[in-house]
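Under full-length UniProt numbering, the residue at position 306 of the sequence shown is numbered 306, and the numbers go up by one with no gaps.
We put the CB at the ideal spot given by N, CA and C, even for glycine.
Accompanying notes for the structure given below.
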Amino acid sequence: MKISSLLNIALGEDVLVEVQQGWLSGKLVEAVTGDYFYSFKGIPYAKPPIGSLRFKAPEEPDSWNGVRNAIENGPVCPQIQNLKNYYVPGSEDCLFLNVFTPDMNPPTPLPVMFYIHGGLYKSSSGDDTFLGPDFMISKNVIVVTINYRLDAIGFLSMETKEVPGNAGMKDQVLALQWVRRNINKFGGDPNRITMFGQSAGAASIAYHMVSPMSKGLFQRGILLSGVPNLDCFYSYKPRDRAFKLGKILGFETKNTSELLTFLQSVPVKKLINTTSTLLASEEITSIIFKLHPFVPVIEKDFGQQRFLIEDPFKTLERGNVNKVDVLCGYTSHENLLLIPFYVNWFYIERYNRYRELFVPTKILFSSPPDVILHLADRITDHYFGDKTISVSNMPEFINYASAATMFYDVHRFLRRWPQVGTTYFYKFSAYSARSMYGHQGANYGIYGSSHLDDLLHLFYQKDLDLPYKRNTKEYRIV
């Protein structure tokens with residue numbers, strides 16, 4: 001929205017809105033595009049999930065008296081920053097969302113873009129430092145970003161009624177319900193909600209597309225480089241992992257109530273990035289197919305409302321999905337993001353020595369050794385011929401890794417998605433000065449779009465010096 005239509009509100013002036021919990025005070029801010037929008041940040045959509053609520057489904061938020069300040073991001077959830085591997089303490093009281101709108105009183109209610117961040121279910125947030133709405137807001141849509149619980153805090157499952165798993169997914173559902181109830185106060189249309197997400201966020205959208213808890217809450221889903229059947233989201237013996245976590249932290253028991261009491265009492269930092277591996281193969285697994293211990297699970301039935309009732313592919317086969325339009329795809333060179341790891345001699349030597357590491361985890365865990373070795377030979381012959389893996393054939397390695405970790409599973413998901421609405425496939429191949437992660441391939445003769453590069457063209461990153469000027473390639477792509 002241009003400043004000419006905002007004559008009654010000064011830039012930076014407080015803007016009040018009343019939601020179901022009480023009054024909020026936001027700001028009118030200027031986007032990098034020169035447009036203006038209203039910003040409301042750090043809005044609680046759930047009761048703080050602390051103490052006895054740790055690991056459990058979220059509860060409705062409390063109301064407040066007076067006017068609540070909504071000009072700063074809420075605390076992020078405790079996490080390890082994936083690529084740089086440092087601890088971000090944040091706060092367990094982290095269930096906040098942000099609403100950015102170009103018009104509080106439009107002549108026609110505006111469509112809503114509800115974003116779920118990625119990060120392997122263990123890192124990232126909805127903060128506008130990385131997810132600035134500046135580019136999308138100029139298209140006259142409302143943008144919503146959220147935090148949800150991560151790692152063991154959000155995805156521990158004891159397979160009990162008290163802790164069935166998927167607390168982080170149920171956070172997303174509650175945030176979506178909050179938006180449905182309140183977005184009209186920001187000029188939005190609750191019947192025109194598009195959920196979109198990247199990586200784990202995209203897989204989350206797919207889970208919502210099959211979850212009975214999400215039925216009727218949104219109309220469209222956009223999946224950017226992520227589906228539930230990716231190997232990194234493969235859930236393996238979640239109950240055993242919960243007990244292994246207790247053992248790692250010095251508490252051994254076979255009683256779930258005792259384990260829950262203990263895990264609810266330990267400092268949150270001890271629960272973050274604690275790898276509760278069950279198999280020796282997990283210790284030497286390749287970085288490509290690395291399992292992550294705390295991810296969405298199929299919940300056992302204890303009479304509670306369940307987010308996932310069965311393997312999503314069984315739901316697809318039965319056609320019992322939520323009727324939404326779908327856009328799904330990936331970037332041209334997904335795994336360029338990880339090329340700094342791939343060129344490490346340690347990993348190269350591991351691939352040359354253990355060819356079974358080329359076999360996807362789902363197959364590795366369910367097949368006899370002769371089948372695994374046969375598949376490993378076929379895979380390496382197809383991508384590398386008789387070449388030894390080295391830095392010199394990194395283009396072939398990236399092609400293999402991108403296909404194995406993303407392309408195949410995306411197509412497999414789409415082929416099985418029932419035609420209940422309009423379905424589109426895309427491939428993002430743009431290569432520009434904003435392709436920060438794709439640039440990592442240039443030294444190896446690879447020029448393409450990496451995992452995460454699409455986000456750098458969708459959102460504005462305040463802390464990154466990425467070009468955005470009119471009459472440039474970057475501007476046209478954005």
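{"Asked": "Reducing DSSP to helix, strand and coil, say where D231 ends up.", "Found": "helix"}
{"Asked": "Quick check on L6: does DSSP put it in helix, strand or coil?", "Found": "Residue placement at L6 cannot be trusted, given a pLDDT of 48 that sits under 50; what the coordinates show is reported in the next sentence. Of the three classes helix, strand and coil, the one that applies to L6 here is coil, per DSSP."}
{"Asked": "Determine the DSSP secondary structure at T405, reduced to helix, strand or coil.", "Found": "helix"}
{"Asked": "Locate the beta strand (DSSP E) running through W23, then write down its first and last residues.", "Found": "G22 to E30"}
{"Asked": "Mapping the DSSP letters down to three states, classify E72 as helix, strand or coil.", "Found": "coil"}
{"Asked": "Return the first residue and the last residue of the beta strand (DSSP E) that M113 is part of.", "Found": "L110 to I116"}
{"Asked": "May I ask you to verify whether the stretch 125–133 touches the stretch 145–155, counting CB pairs closer than 8 Å and requiring at least 3?", "Found": "yes"}
{"Asked": "When burial is assigned at 16 or more other CB atoms within 10 Å of the CB, is E252 buried or exposed?", "Found": "exposed"}
{"Asked": "For V420, which residues from the same chain have a beta carbon less than 7 Å from its beta carbon, with the 5 sequence-adjacent residues on both sides left out?", "Found": "V321 and K323"}
{"Asked": "Which residues does DSSP list as the beta-bridge partners of G197?", "Found": "I116 and L223"}
{"Asked": "Does DSSP put I146 in a helix, in a strand, or in coil?", "Found": "strand"}
{"Asked": "If D14 sits next to I50, beta carbons under 8 Å apart, how far is it from one beta carbon to the other, in whole angstroms?", "Found": "In fact, because the Cβ distance is near 30 Å, the residues do not count as touching under 8 Å."}
{"Asked": "Straight-line CA distance for L53 to F233?", "Found": "25 Å"}
{"Asked": "Quick check on DSSP: helix, strand or coil for V99?", "Found": "strand"}
{"Asked": "Mind checking if S204 is an interface residue toward chain C, Cβ cutoff 8 Å exclusive?", "Found": "Absent here is chain C; the protein component of the structure consists of one chain."}
{"Asked": "Here's the rule: buried if 16 or more other CB atoms are within 10 angstroms of the residue's CB, otherwise exposed. What is W64?", "Found": "exposed"}
{"Asked": "In the DSSP assignment, find the beta strand (DSSP E) that holds K427 and state where it starts and stops.", "Found": "T423 to F428"}
{"Asked": "In the stretch 143–192, which residue ranges form an unbroken alpha helix (DSSP H) of at least 4 residues, counting only runs that do not cross its ends?", "Found": "151–155 and 167–182"}
{"Asked": "Using three-state DSSP, classify S214 as helix, strand or coil.", "Found": "helix"}
{"Asked": "Between the stretch 328–347 and the stretch 438–454, are three or more C-beta pairs nearer than 8 Å?", "Found": "yes"}
{"Asked": "Applying the 10 Å Cβ sphere with the 16-neighbour rule, what's the burial state of D171?", "Found": "buried"}
{"Asked": "Run the CB neighbour count on L16, radius 10 Å, all protein chains shown included, and call it buried at 16 or more, exposed below.", "Found": "exposed"}
{"Asked": "Does the count of Cβ pairs from the stretch 449–458 and the stretch 183–200 closer than 8 Å reach three?", "Found": "yes"}
{"Asked": "Between which two residues does the alpha helix (DSSP H) harbouring K247 extend?", "Found": "P238 to I248"}
{"Asked": "Beta-carbon separation of V391 and V343 under 8 Å?", "Found": "yes"}
{"Asked": "Taking Cβ to Cβ, would you say I153 is nearer than 8 Å to L271?", "Found": "yes"}
{"Asked": "Would you call F441 buried or exposed, if buried means 16 or more other Cβ atoms sit within 10 Å of its Cβ?", "Found": "First, the residue type needs correcting, since residue 441 is Gly and not Phe in the sequence shown. G441 comes out buried."}
{"Asked": "With burial defined as no fewer than 16 other Cβ atoms inside 10 Å of the residue's Cβ, what is the status of D409: buried or exposed?", "Found": "buried"}
{"Asked": "Just how far apart, CA to CA, sit G42 and S25?", "Found": "11 Å"}
{"Asked": "Work out the CA separation of V141 and K2 for me, nearest whole Å.", "Found": "Summary for K2: the model assigns pLDDT 43, below 50, so the residue's position carries little reliability, and this model does not support an answer."}
{"Asked": "If we count the other Cβ atoms within 10 Å of its Cβ and call it buried at 16 or more, is H451 buried or exposed?", "Found": "buried"}
{"Asked": "Could you name the residues of the same chain whose beta carbon sits closer than 6 Å to that of M394, not counting the 5 residues immediately before and after it, in chain order?", "Found": "Y444"}
{"Asked": "Look up E18 in the DSSP assignment and give the residues it is bridged to.", "Found": "W23"}
{"Asked": "Going by DSSP in three states, P467 sits in which element: helix, strand or coil?", "Found": "coil"}
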